[in-house]
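Our numbering puts the first residue of the sequence shown at 2, with every later residue one more than the last.
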Amino acid sequence: MVNLLIAIVLILAIVVLAKVIRVFELSSELKGEDPAKVTQSDNRTQSTMFMVMGLLYLCFVVYAFVVWGKHLLPASASVHGEEIDHLMSITLWIITPMFFLTHLILIFFAYKYFHRKNRTATFFAHSTKLEMIWTVVPTIVLTSLIVYGLSVWNKITEDEPDDAIEIELYAKQFDWTARYSGEDGVLGKSGYRLITSENPLGVSKEDKASMDDKIVRGEIHLPVGKPVVFKFHSRDVLHSAYMPHFRLQMNCVPGMTTQFHMVPKITTAEMKAQTGNPDFEYLLLCNKICGGAHYNMQMNIIVESEEAYNEWLKGNKTFAESMGVGAEQKIEVSEAVSEEPTSEEATQEAATSPESHS
Ligand SMILES: [Cu+2]
């Protein structure tokens with residue numbers, strides 16, 4: 002209802018504006034003036050208004066930096082995040098002065114060179130020197146930024162350390178489920194054909210590596226200072242796992258495993274103290290518009306000491322316990338159950354047999 006009223010008010014405002022313009026046209030016709038003729042005074046007014054609006058806009062940008070700057074993310078809570086912040090700072094330090102410089106020149110020129118009857122513009126066809134400067138300088142600056150960005154990306158996505166804790170993050174409309182690899186450090190195999198209401202992640206009961214896996218909902222815990230590798234899956238549509246405080250984002254693609262590893266370096270309690278916010282929580286959000294309840298697809302992440310983490314993990318049921326499968330019933334992996342293919346395998350598979358799936 003409120004939206005309808007806003008729409009009506011906007012339409013009426015446009016109608017009023019059109020009518021006012023028409024009144025001005027008719028009144029100048031009555032005065033014997035040609036309403037289509039632009040006078041020097043019109044030009045001066047327009048250029049002055051351009052300058053005022055332009056400067057107001059730049060003041061607003063400064064205001065946004067000063068007043069809303071505090072709403073930016075706090076210091077990176079992961080080790081690799083420092084590199085991303087550094088990349089971001091360098092980019093901002095280059096583009097912000099350029100933004101102000103180019104806009105001030107634009108505003109000044111529009112004001113200074115408004116059309117006057119007896120003045121013509123200088124005819125200026127070409128200058129190789131100028132062309133070189135404004136082609137070569139941005140090319141060098143932008144190429145350097147891209148090369149630096151790529152080197153950071155390559156560095157933070159290189160192979161995870163062997164002792165990294167393996168955690169599966171399973172996305173579906175509209176929540177997250179996590180699966181910890183348990184004591185063996187290996188996630189059991191899974192497949193979508195195995196999904197049932199009791200086994201929503203489709204974890205294989207026939208893979209002995211599945212037995213000690215722990216399926217966790219609501220919140221995930223991470224030990225501070227230890228490498229963790231997330232393996233992302235999606236059951237339905239594209240989702241994107243986004244952990245802003247850790248500067249981590251990775252798409253969750255149906256039928257494919259994506260991954261990202263990181264080392265959390267600030268506990269939740271330390272971050273509460275640093276930000277002065279007793280309610281602070283690290284978040285896992287979905288950053289891909291995936292449907293009606295996308296906005297609420299989130300989960301808290303608790304970073305704590307290794308002891309507290311182990312204690313918490315111990316308190317969660319293993320897959321075997323929750324499914325009522327005895328540990329002695331562990332069977333070797335059957336041929337029929339295979340893991341979801343990696344991106345390369347999926348591409349090859351799609352190329353050779355379009356009907357086959359994991
Ligand atoms: Cu989503």
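Glycine included, each C-beta is placed from N, C-alpha and C at the ideal position.
8 Å Cβ cutoff met for residue i and residue j
i: E220; j: I95; result: no
i: Q41; j: R120; result: no
i: Q250; j: N288; result: yes
i: H222; j: E305; result: yes
i: E161; j: P228; result: yes
i: P265; j: S235; result: no
i: D88; j: G150; result: Note that residue 88 is Leu in the sequence shown here, rather than Asp. Result yes, Cβ atoms of L88 and G150 sit closer than 8 Å.
i: Q275; j: L285; result: no
i: S182; j: D214; result: yes
i: I108; j: F51; result: yes
i: V230; j: A165; result: yes
i: F320; j: V204; result: yes
i: L57; j: H104; result: no
i: C291; j: V217; result: no
i: S90; j: E83; result: no
Alpha-carbon spacing of residue i relative to residue j, whole angstroms
i: E282; j: L102; result: 39 Å
i: D86; j: V10; result: 44 Å
i: M257; j: S191; result: 12 Å
i: D176; j: H127; result: 59 Å
i: I7; j: I15; result: 12 Å
i: W154; j: R248; result: 12 Å
i: M324; j: M212; result: 9 Å
i: T97; j: H72; result: 18 Å
i: V338; j: I196; result: Note that V338 scores a pLDDT of 45, beneath 50, so its modelled location is shaky; the value from the coordinates is reported in the next line. If I take the Cα positions, the gap works out to 12 Å.
i: T46; j: V137; result: 38 Å
i: A242; j: G277; result: 26 Å
i: E312; j: P139; result: 54 Å
i: I157; j: I134; result: 35 Å
i: F125; j: Y114; result: 16 Å
i: S145; j: F100; result: 19 Å
i: P224; j: G316; result: 15 Å
i: L5; j: I12; result: 11 Å
Helix, strand or coil at residue i according to DSSP, with G and I counted as helix
i: A210; result: helix
i: V338; result: Residue placement at V338 is flagged as unreliable, the pLDDT there being 45, under the threshold of 50; the coordinate-derived value follows with that caveat. Three-state result, V338: coil.
i: Q330; result: Note that Q330 scores 47 on pLDDT, short of 50, meaning its location in the model is unreliable; the coordinates nonetheless yield the value given after this. In this structure, Q330 counts as helix in the three-state DSSP scheme.
i: Q275; result: helix
i: S191; result: strand
i: D176; result: strand
i: S205; result: coil
i: K215; result: strand
i: V3; result: helix
i: K232; result: strand
i: F261; result: strand
i: N301; result: strand
i: P139; result: helix
i: S90; result: helix
i: H72; result: helix
i: A78; result: coil
i: N252; result: strand
i: E26; result: helix
i: H240; result: strand
i: P162; result: coil
i: I9; result: helix
i: Y114; result: coil
i: T319; result: strand
Contact test: residue i Cβ vs ligand 1 heavy atom, cutoff 7 Å
i: C287; result: yes
i: A172; result: yes
i: F233; result: no
i: I298; result: It should be noted that the sequence gives Met, not Ile, for residue 298. Yes.
i: F175; result: yes
i: H240; result: yes
i: H295; result: yes
i: C363; result: There is simply no residue 363 to check, as the chain begins at 2 and stops at 359 in what is shown.
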